[in-house]
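**Student:** Residue numbers (UniProt numbering): 1 to 282. Idealized CB from N, CA, C, for every residue including glycine.
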């Protein structure tokens, strides 16, 4: 729209210049009356052409209606209802937790605390217990205390369930307090085009489902999000959008990642799981 408006204004300027030139020519005295008349007709023809071009562009602009800025560059203001507000400065706390799988000890008297509103990254080598810790939080296992008002959303790369008969917008609107425009903005930022909104979930690719689930959780009725490798399988534009959405999210996020970008751009707090302990790095 902005491009069309600039083009229309340029055509109007050109028409005004031609009109001024025509007025100047009409004031000139010349003995060659026929030549002057032909010249003025030529100028008048050019002026008319520019006016017509401007009008054509104006009609195209009018046909667009009140189009807002592209949704993929608009930012959403995340919010939480009073019912979802937490006041405990540390809504999740682990105190001397222990976990053994078979004959392998993952945690021995390990402790941690998750600050309210923080974006907390869990790092560590493979098999050190990152996903296990997330599962322990979800299951409220011994040694882990969670605020009674906590509403936890969980994202994993697999094991998700959804009704494949729903379309994208129907899926997003369920249990969501955001309006359609806000939903569309988030979907657009994650790479969903206008014609994707009405698609059935059954025709989406695995990558599209992952992006949809991330968008769904960020806009869900939660105040704490647990995310297991959320950046896996995302393209660069979607990853950049996820960074922005995670940073602007109003609640608390605990996420497992090996992604340096998320660690540098999103994490307020970083824990490293090593030697059966949960070590605060910063």
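Where residue 133 and residue 266 are concerned, what is the direct C-alpha to C-alpha distance, given to the nearest angstrom?
**Tutor:** Distance from the CA of residue 133 to the CA of residue 266, rounded to the nearest whole angstrom, comes to 20 Å.
**Student:** When you measure from the CB of residue 252 to every non-hydrogen atom of the ligand ATP, does any distance come out below 7 Å?
**Tutor:** This structure does not include the ligand ATP; it has no bound ligands of any sort.
**Student:** Please report how far the alpha carbon of residue 99 lies from the alpha carbon of residue 241, in whole angstroms.
**Tutor:** 36 Å
**Student:** How should residue 203 be labelled, buried or exposed, when 16 other C-beta atoms within 10 angstroms of its C-beta is the threshold for buried?
**Tutor:** Looking at its Cβ environment, which holds fewer than 16 other Cβ atoms inside 10 Å, residue 203 is exposed.
**Student:** Between residue 78 and the rest of its own chain, which residues show a CB-CB distance below 7 Å, the 5 nearest in sequence each way excluded?
**Tutor:** Cβ neighbours of residue 78 beyond the five flanking positions: 248, 249, 250.
**Student:** Could you give the DSSP three-state label for residue 193: helix, strand or coil?
**Tutor:** coil
**Student:** Residue 261: which of 277, 276, 237 sits nearest, CA to CA?
**Tutor:** Considering only alpha carbons, the answer is 237.
**Student:** May I ask you to list the residues that DSSP assigns as paired with residue 99?
**Tutor:** 107
**Student:** Here's the rule I'm using: 16 or more other beta-carbon atoms within 10 Å means buried, otherwise exposed. How should residue 130 be labelled?
**Tutor:** buried
**Student:** What is the DSSP secondary structure of residue 257, counted as helix, strand or coil?
**Tutor:** coil
**Student:** Throw me the rounded Cβ distance for the residue 137 and residue 197 pair, which I believe falls under 8 Å.
**Tutor:** Not confirmed; about 34 Å, so no contact.
**Student:** Compare the Cα-Cα distances from residue 118 to each of 246, 279, 257 and report the closest residue.
**Tutor:** 246
**Student:** Taking its Cβ as the centre, do 16 or more other Cβ atoms sit within 10 Å of residue 89, making it buried, or is it exposed?
**Tutor:** By the neighbour-count rule (16 or more Cβ atoms within 10 Å), residue 89 is not buried but exposed.
**Student:** Note down, in chain order, each residue of its chain lying with its Cβ closer than 7 Å to the Cβ of residue 286, except the 5 sequence neighbours on either side.
**Tutor:** Nothing can be reported for residue 286, as the shown portion of the chain is limited to 1 through 282.
**Student:** In the DSSP assignment, the alpha helix (DSSP H) including residue 168 goes from what residue to what residue?
**Tutor:** 168-173
**Student:** Apart from the five residues just before and just after residue 155, which ones in its own chain have a Cβ nearer than 8 Å to its Cβ?
**Tutor:** Within the same chain, 213, 214, 217, 225, 226, 227, 228, 230 come within 8 Å of residue 155 by CB-CB distance, once the 5 residues on both sides are set aside.
**Student:** Does the beta-carbon of residue 211 have 16 or more other beta-carbons within 10 angstroms, so that it is buried, or is it exposed?
**Tutor:** Of the other Cβ atoms in all chains shown, 16 or more fall within 10 Å of the Cβ of residue 211; this residue is therefore buried.
**Student:** Starting from residue 227, follow the beta strand (DSSP E) in both directions and report where the run begins and ends.
**Tutor:** Counting along the chain, residue 227 sits inside the beta strand (DSSP E) bounded by residues 224-228.
**Student:** Nearest by alpha-carbon distance to residue 221: which of 172, 184, 244, 123 is it?
**Tutor:** 172
**Student:** Which residues mark the beginning and the end of the beta strand (DSSP E) in which residue 119 is found?
**Tutor:** 119-124
**Student:** Residue 149 lies in the beta strand (DSSP E); which residues open and close that run?
**Tutor:** Note, residue 149: premise wrong, no beta strand (DSSP E); not H, not E.
**Student:** Helix, strand or coil: how does DSSP classify residue 266 here?
**Tutor:** Of the three classes helix, strand and coil, the one that applies to residue 266 here is coil, per DSSP.
**Student:** With which residues is residue 80 paired in a DSSP beta bridge?
**Tutor:** According to DSSP, residue 80 bridges with nothing at all.
**Student:** Suppose you measure from the CA of residue 234 to the CA of residue 83; what does that come to, to the nearest Å?
**Tutor:** In a straight line, the C-alpha of residue 234 is about 33 Å away from that of residue 83.
**Student:** Whole angstroms are fine: how far does the CA of residue 114 sit from the CA of residue 174?
**Tutor:** 29 Å
**Student:** Going by other Cβ atoms of all chains shown within 10 Å of its Cβ, with 16 needed for buried, is residue 257 buried or exposed?
**Tutor:** buried
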